[in-house]
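A short write-up of the structure that comes next.
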Amino acid sequence: MISSSENLIIKGLKSGESTRRHSEKELYISFFYLIKEAAKKYGIPNEEAASIYTDTILAVIKNVLSGKFEGRSSLKTYVYQIFSNKCVDLLRKKTTNKGKLEDAVPYDSLVFELPDQTRSIIQKLIAQDQRNQINEKLQEIGGKCMELLLLFEDGYNDKEIAESMNYQSADVVKTTRLRCLEKLKLKVKGIENRNE
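Counting from -9, one number per residue, gives the positions in the sequence shown under the working numbering.
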């Protein structure tokens, strides 16, 4: 059964821009405790759990907006189920042979077998190539997302970015930044999938 507070969040997500942003923030804060729960229940490090949580919230928002979330369960149950599934998926990936192979010989560790001078040149080339690919994808997402991410990369905090870019609050910047990072991540994954 959907509670009245959950119903407000769902209605807010479906409404105008300012109400939607507030509801996204409320949704994000409401189930933030799941990050710690992932560490206890699944043994997932906080950083990975936070990333899974962000992916979960973005999926929930998308499902609410597309009508995929039909309200047959509470929002809490729905978020928990998606989050748990994503945690299990991560654990499966880490325990499969593919995951073991990827973890066993990290790409960068092969560079350390090269002579010092060659290693330095190769590492610089790899770093430059990665930077170029990310910059190219930043150009593709463009607009405010690109500006916000570049400011964050330059060391500005969410409050400073909110003032500079005329956002309502640091929390709005944080939610927007997470959404922009998700867009960038999808663009970069597109590159990786083509290279495989």
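Even glycine gets a Cβ: it sits at the ideal position worked out from N, Cα and C. Remember, it's a predicted structure, so these values are computed and weren't measured experimentally.
Item                                                                                             : Value
Where Tyr200 falls, given that 16 or more other Cβ within 10 Å makes a residue buried            : Any question about residue 200 goes unanswered here, given that the chain covers just -9 to 186.
Residue burial classification, Phe22 (beta-carbon count within 10 angstroms, cutoff 16)          : exposed
Residue span of the alpha helix (DSSP H) that contains Glu7, given as start and end              : Glu7 to Ser20
With 16 other Cβ atoms within 10 Å as the buried cut-off, status of Leu65                        : buried
Under 8 Å between C-beta atoms of Val163 and Asp144                                              : no
Straight-line Cα distance separating Ile111 from Arg17                                           : Rather than Arg, the amino acid found at residue 17 in this sequence is Leu. Going by the C-alpha atoms only, they are around 46 Å apart.
Reference Val69; option with closest CA among Gln123, Ile151, Ile47 and Gly6                     : Ile47
Pair within 8 Å by beta-carbon distance, Ile(-8) and Gly57                                       : no
Lys30: first and last residue of the uninterrupted alpha helix (DSSP H) it sits in               : Leu24 to Tyr32
Local conformation of Glu150 per DSSP, three classes                                             : helix
Rounded C-alpha distance that separates Met29 from Asn36                                         : Per the sequence shown, residue 29 should be read as Ala rather than Met. Spanning the two alpha carbons is a distance of roughly 6 Å.
Cβ pair count under 8 Å reaching 3, the segment 170 to 181 against the segment 133 to 141        : yes
Reduced DSSP secondary structure (H/G/I, E/B, other) of Asn75                                    : helix
Straight-line gap, Glu(-4) to Ser154 (C-alpha atoms, nearest Å)                                  : 32 Å
Proximal residues to Phe73 (C-beta, below 8 Å), its chain only, five neighbours per side dropped : Phe21, Leu24, Ala28, Ile42, Tyr43 and Thr46
Identity of the residue in Gly2, Lys114 and Asn75 nearest Tyr32 by Cα                            : Asn75
Nearest candidate by alpha-carbon position, reference Arg82, set Leu176, Ile34 and Lys52         : Ile34
Three-state secondary structure (DSSP) of Gln118                                                 : helix
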